[in-house]
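Enquirer: Pasting in a structure now, in structure tokens, and then I'll have a few things to ask.
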Amino acid sequence: MKFFVDTAEIKDIRDLYETGLLDGVTTNPSLVAKSGRNFKEVIREICEIVPGPVSAEVAATDHAGMVAEGEHLAKIADNVVIKLPLTFEGLRACRHFSQKGIKTNVTLCFSANQALLAAKVGATYISPFIGRLDDINLEGMQLIRDIRQIYDNYNFSTEILAASIRSANHVTEAALAGADVATIPPAVIYKLADHPLTKSGLEQFVKDWKSTGQSIL
Ligand code: E4P
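Count along the sequence shown starting at 1, add 2, and that's the number in our numbering.
Shown next as structure tokens:
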């Protein structure tokens, strides 16, 4: 499973990239607003740090506007992926970019039918939002399973990018459901390494090692 980090914070991206765990980055307008940075500058900087796919979302909601903005964003770097909303206008723009060989990430997906449409217009990634479905008492993870089955039934090459991940459990469940990618907030990526038995076990080993009075070097 590929790991993308879901943030526009340069320091977090740099730190995580150095761990070797990071395959790409996703951003959205809310994350850019939170960073307080200039959007295009941030995308340029991220693309200099991470060679993998970096999703940059259009702001327009009409087809012509999305195409114009996407064309502009695609020129920032070769690894920019144009992020488009799952509306009919967004799907038309997605088809435009797929035909030109420009990678796309169709976002704000909340149903299997939406994911089917995105695959049919050649989206590189589909982003089902797990956490936001859980927020309204629906089972976000079931959507990942349904999309996996539909894409496998028809050999669609669109990758399932599990988004709106809120917990370490979401990551495990998305991996079990066969998501190709998970885009994860930085804090949740760090939590993936945590286990209380690892913590207590290490504390005991450190204590016992000290009692031997030895040193390895
Ligand atoms: C995905 O690309 C989105 O940026 C993100 O995962 C949304 O997550 P949220 O629902 O926690 O805002």
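Just so it is clear, CB atoms sit at the ideal spot from N, CA and C, and this is done for glycine as well.
Rounded to the nearest angstrom, what separates residue 71 and residue 93 at their Cα positions?
Expert: Taking the straight line from one Cα to the other gives about 15 Å.
Enquirer: Counting Cβ pairs, one atom from each stretch, are 3 or more of them under 8 Å apart for the segment 203 to 212 and the segment 183 to 191?
Expert: No, they do not touch.
Enquirer: Between which two residues does the beta strand (DSSP E) containing residue 108 stretch?
Expert: 106 to 111 is the extent of the beta strand (DSSP E) around residue 108.
Enquirer: By DSSP, does residue 8 sit in helix, in strand, or in coil?
Expert: Strand.
Enquirer: Does the separation of the CB atoms of residue 96 and residue 110 fall below 8 Å?
Expert: Their beta carbons are not under 8 Å apart, which means residue 96 does not touch residue 110 by this criterion.
Enquirer: Decide yes or no for the touch test of the segment 207 to 214 against the segment 162 to 170: beta carbon pairs closer than 8 Å, at least 3 of them.
Expert: Touching, no.
Enquirer: Would you say residue 81 touches ligand 1, meaning its beta carbon is less than 7 Å from a heavy atom?
Expert: Residue 81: no, Cβ never under 7 Å from ligand 1.
Enquirer: How about residue 160 and residue 132: do their beta carbons lie closer than 8 Å?
Expert: Not in contact: residue 160 and residue 132 (Cβ atoms no closer than 8 Å).
Enquirer: Quick check on this structure: which residue in 44, 179 and 38 has the alpha carbon closest to the alpha carbon of residue 3?
Expert: When only C-alpha atoms are compared, the closest one is 179.
Enquirer: For residue 117 and residue 137, I'd like the C-alpha separation in whole angstroms.
Expert: C-alpha separation (whole angstroms): 20 Å.
Enquirer: Using the three-state DSSP reduction, which class does residue 123 fall into: helix, strand or coil?
Expert: In this structure, residue 123 counts as coil in the three-state DSSP scheme.
Enquirer: Quick check on residue 219: buried or exposed, where buried means 16 or more other Cβ atoms within 10 Å of its Cβ?
Expert: It is exposed - the Cβ of residue 219 has fewer than 16 other Cβ atoms within 10 Å.
Enquirer: Roughly how many angstroms separate the alpha carbons of residue 106 and residue 144, rounded to a whole number?
Expert: Their backbone Cα atoms lie some 24 Å apart in a straight line.
Enquirer: Apart from the five residues just before and just after residue 82, which ones in its own chain have a Cβ nearer than 7 Å to its Cβ?
Expert: Only 45, 49, 56, 58, 75 and 76 meet the Cβ criterion.
Enquirer: Between residue 69 and the rest of its own chain, which residues show a CB-CB distance below 7 Å, the 5 nearest in sequence each way excluded?
Expert: So the list reads 95 and 98, once near-sequence residues are dropped.
Enquirer: Report yes if the C-beta of residue 100 is less than 7 Å from at least one heavy atom of ligand 1; otherwise report no.
Expert: No, the Cβ of residue 100 stays beyond 7 Å of every heavy atom of ligand 1.
Enquirer: For residue 209, which beta-bridge partners are listed by DSSP?
Expert: Note: residue 209 sits in no beta bridge, so no partner.
Enquirer: Once DSSP output is grouped into helix, strand and coil, what is the label at residue 131?
Expert: Looking at residue 131 - three-state DSSP - the assignment turns out to be strand.
Enquirer: Note the first and the last residue of the continuous beta strand (DSSP E) segment covering residue 44.
Expert: Not the beta strand (DSSP E): residue 44 falls in the alpha helix (DSSP H), residues 41 to 51.
Enquirer: For residue 115 and residue 153, what's the separation of their Cα atoms in angstroms?
Expert: If you take the alpha carbons of residue 115 and residue 153, they lie about 11 Å apart.
Enquirer: Cα-Cα, which of 157, 162 and 191 is closest to residue 173?
Expert: Of the listed residues, the one whose Cα sits closest to residue 173 is 191.
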